[in-house]
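Residue numbers (my numbering): 7 to 495.
Structure, as C-alpha cells:
This is the structure in C-alpha cells:
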C-alpha cells in the first residue's frame with residue numbers, strides 16, 4: 007500500500023486531503039469565528055489541498071501563547087487597581103448631562119466589555135501636519151525630565167524622524183528613563199539598521215514588540231501585531247493617532263501612492279493616565295517586569311484634570327478585549343442622527359460594520375466616507391472597492407482622496423462624539439491588531455475633527471455612481487473574488 011502511494015503521489019492527496027480537511031473544518035466550526043471568517047477558511051481549506059490547512063494552522067486562530075495569556079490576566083488586575091485609584095480621586099466623575107444621550111451608554115458599554123471608563127478633564131490638540139507633529143514631539147522629548155515612553159508599529163530612518171531619535175538619545179544621556187517598544191515586524195527594516203544600536207548605546211531601553219521567528223510561529227500567530235502609536239512624556243503629556251514614527255518625505259517613496267497623510271493628538275490632563283497604563287502594560291507583557299516598578303521608574307502619577315474634554319481610552323487586541331472595539335464603533339455609528347463622517351486608509355468591514363453604515367444612510371443620516379484613491383496594498387484596494395456598490399446604492403457619499411495615502415483613522419457623529427486613533431475600518435484592526443482608540447465626548451474636538459475631514463474632502467473626488475457602474479467585468483470579478491477572502495487579509 008505504502009509502495010503504491012509512493013509511486014502514485016496524487017493518490018495521497020485523494021485519500022488524505024479530505025480526511026485532513028474534514029478534521030480541520032470541524033475545528034474551525036467549533037472555534038465559532040464570525041460567519042464570514044469561518045466560510046472563508048472553510049473554502050480555502052477545501053480548495054487548496056494541504057496548503058489551506060497549513061495556512062489555517064499558522065494564522066487561522068488568535069493564538070497568543072499561554073505565557074502571554076496568563077500575563078494579560080495579571081495585567082487586567084493591575085489595570086483595575088489603576089482604575090480604582092482614578093475613581094477614588096474623581097477622574098471618572100463625568101457630567102453626562104452636558105453630552106448626547108447616547109454618550110453615557112457608550113461609556114457603560116466600554117466599561118462592561120473592557121473595563122474602560124471615561125475620564126473627565128482633558129485637552130486634545132489635533133495636529134495634521136506631519137512635519138509639525140515630529141517637531142513638537144522632538145520638543146516634548148527635549149523637555150522631558152523623568153521619562154520618555156514610546157510605542158510604535160513602524161519607525162523609519164530619515165528626515166525629521168532622525169531628530170526625534172536624537173532627542174531621545176539626548177534625554178537618556180541626561181538621565182531621563184527612556185523606554186521604546188517598536189513592533190518587530192512592522193519596523194523590520196529599521197531593526198536591521200544602525201539606529202537601534204545607537205539608542206541602546208545611549209542608555210535607551212529598547213525592545214522589539216512581539217518578536218517573530220520559527221519557534222514563535224508554533225507558539226502564536228506572527229501576524230498579530232502591535233499597531234499602537236503612543237508617546238507619554240513625564241506622565242504629563244501623551245500622543246496618539248495614525249502617524250508612525252516616520253517622515254513621509256522619506257517613507258515608501260517607491261510605492262506609487264504619494265506621501266502618507268496622518269493626524270495625531272497631543273494630550274494633557276486625566277487622559278494621560280490610561281495612555282501611560284497601556285504603554286507600561288505592553289512593556290510588562292514583553293519583559294515580565296512588575297508594572298509597579300515600571301510605573302515608578304517612569305514617574306507615572308495621578309494627573310489632575312486639564313481641559314474640557316471627556317475621553318474614553320479603548321485598548322483592543324487578541325486576549326484583551328474580544329470584539330470590544332467593534333462594539334464601541336457600532337454603537338457610535340448607530341447613535342448618529344444627522345451626519346456621520348468616516349476616514350480610513352483601508353476599508354474591509356465585517357458584515358456587522360457594513361450593515362451599520364448602510365443602516366445609518368438608510369435612516370436618513372448624511373454619511374460621508376473618505377478613503378485614499380491609491381493604497382499600498384493591491385489586494386486590500388480591490389477588496390475595499392467591492393463594498394462601494396452597496397454603499398453608493400443607499401446614498402453614502404464616497405470621496406477618493408487625491409493628495410497621497412490618507413492614513414488618518416477617524417469617525418465623527420453629529421458634531422458631538424468622535425473616534426480617533428490607530429484602528430482602520432478593517433477586520434485586521436478590529437480583530438487581530440493591538441490598537442488604541444479615543445472616544446471623545448466633546449463638541450469642540452468633534453468640530454475640529456470635522457474641519458480636518460473637510461480638508462480631506464476638498465482634496466478628493468467624489469465617486470460617481472453612474473461612472474462606477476461602467477467598470478469592466480474583469481475588475482468587478484477581481485473585487486468580488488477578493489471580497490470572499492477579505493476576512494483573511
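C-beta atoms are modelled at their ideal positions from N, C-alpha and C, and glycine is treated no differently.
Secondary structure note for residue 158: its beta strand (DSSP E) is the uninterrupted segment 153-158.
In summary, residue 359 is buried, with 16 or more beta-carbon neighbours lying within 10 Å of its beta-carbon over all protein chains present. Straight through space, the alpha carbons of residue 280 and residue 170 are spaced by roughly 24 Å. The beta carbon of residue 484 is closer than 8 Å to those of 388 in its chain, skipping five residues each way along the sequence. Taken through DSSP and simplified to helix, strand or coil, residue 150 comes out as coil. In the DSSP secondary-structure assignment, residue 161 is bridged to 251.
Inter-residue distance for residue 397 and residue 370 is about 13 Å (C-alpha atoms, whole angstroms). Classified as buried, residue 454 has 16 or more neighbouring CB atoms from the shown chains inside 10 Å of its CB.
For residue 174, the enclosing alpha helix (DSSP H) begins and ends at 166-179. By the Cβ-count criterion, residue 36 is exposed, with fewer than 16 other Cβ atoms from all chains shown falling within 10 Å of its own Cβ.
In the structure shown, the three-state DSSP call for residue 405 is strand. Residue 382 holds the alpha-carbon nearest to the alpha-carbon of residue 353 among 310, 382, 74. Listed in chain order, the non-local C-beta contacts of residue 337 below 8 Å within the same chain comprise 108, 111, 112, 115, local neighbours out to five positions each way being set aside. In this structure residue 415 is buried. Its beta-carbon is surrounded by 16 or more other beta-carbon atoms within 10 angstroms.
Inter-segment contact for the segment 257-265 and the segment 418-436 is absent: fewer than three beta-carbon pairs are separated by less than 8 Å.
In the DSSP assignment, no residue is bridged to residue 281. A straight line joining the alpha-carbon of residue 154 with that of residue 304 spans about 8 Å. Rounded to whole angstroms, the separation of the alpha carbons of residue 420 and residue 348 is 12 Å.
Taking each of 386, 85, 200, 413 in turn and checking the Cα distance to residue 459, the smallest one comes out for 413.
From the listed residues 127, 87, 177, 101, the smallest Cα separation to residue 277 is found for 127. Of the residues 492, 395, 467, the one whose Cα lies closest to the Cα of residue 475 is 395. Residue 490 has its alpha-carbon roughly 11 Å from the corresponding atom of residue 48. Exposed is the label assigned to residue 151, since fewer than 16 other Cβ atoms lie within 10 Å of its Cβ. In the structure shown, residue 189 adopts extended strand secondary structure according to DSSP, grouped into three states. Only exposed fits residue 472, as fewer than 16 other CB atoms lie within 10 angstroms of its CB. The beta carbon of residue 386 sits closer than 8 Å to the beta carbons of 352, 354, 432, 495 from its chain, once the five residues preceding and following it are set aside; these are given in chain order.
A straight line joining the alpha-carbon of residue 101 with that of residue 119 spans about 22 Å. Per the C-alpha coordinates, the member of 25, 89, 405, 377 positioned closest to residue 468 is 405. Separation of residue 211 and residue 158 (C-alpha to C-alpha, rounded to the nearest whole angstrom) is 14 Å.
In this chain, the beta strand (DSSP E) harbouring residue 131 covers 124-133. In the displayed model, residue 203 falls within a helix according to three-state DSSP. Under the 10 Å beta carbon count, residue 202 is surrounded by 16 or more other beta carbons and is classified as buried. Pairing residue 368 with residue 256 gives a Cβ-Cβ distance that is not under 7 Å.
Assignment of residue 276 by DSSP, reduced to helix, strand and coil, places it in the coil class. When the five nearest sequence neighbours on each side are left out, the beta carbons in the same chain lying within less than 7 Å of the beta carbon of residue 183 are those of 152, 153, 303, 304, in order along the chain. Contact fails between the segment 79-99 and the segment 227-241, because fewer than three Cβ pairs, one in each stretch, are under 8 Å apart.
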